[in-house]
Amino acid sequence: MSATPSPVSSAAGPVRARQLWQDMAPDMVDRERMLRVVAVTETHAECVVERDNRPGMAGRKARPLALKRFTTSAFRLIEDAVDDADQILYARFLAALTGVQGTNPSPVEYATAALRVHNELTAEAAKAHH
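Adding 296 to a residue's 1-based position in the sequence shown gives its number in the working numbering.
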């Protein structure tokens, strides 16, 4: 098992470890069954049930799923995997957005906070290249 992208791509791209998928089977949709990919081989994904409205199912290891199933409507990507660099950027943007003050902030205030982080990152990248 590895964390590298699979050779089989879904409509959302390659199946990768740490992705969260919703099981769209007719009997699973109402249960809101969510599977977290923990490892990927050339042909299968190993998953853990992250959420399931049926008691006792969350936390269980699901049977290995053929990667080809992710290319169909059987699953819907809910959360993509991110690498460490993306996680750091996400944290900076999230901190800026949660730092917006007021009881009812406007979209402009959120956009300004995000733009400030973008400008900081651009300046940091320019410094690193000089």
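Cβ coordinates follow ideal geometry from the N, Cα and C atoms, glycine included.
Residues 393 and 396 of the same chain have their beta carbon placed closer than 8 Å to that of residue 406, with the five preceding and five following residues left out of the count.
With distances taken between CA atoms, residue 363 lies nearest to 333 out of 375, 333 and 417.
Cβ contact annotation for residue 388 (same chain, cutoff 7 Å, sequence separation greater than five): 413, in chain order. For residue 377 against residue 313, the beta-carbon gap comes to about 6 Å, under 8 Å, which counts as contact.
Excluding its 5 nearest sequence neighbours in each direction, residue 327 has C-beta neighbours in its own chain below 6 Å: 348, 349 and 350, listed in chain order. Secondary structure of residue 425 (DSSP, three-state): coil. When rounded, the separation of the alpha-carbon atoms in residue 341 and residue 321 is 17 Å.
Contact check for residue 361 and residue 345: beta-carbon distance about 12 Å, past the 8 Å limit, so the pair fails to qualify. Taking the Cα positions, residue 343 is about 38 Å away from residue 420.
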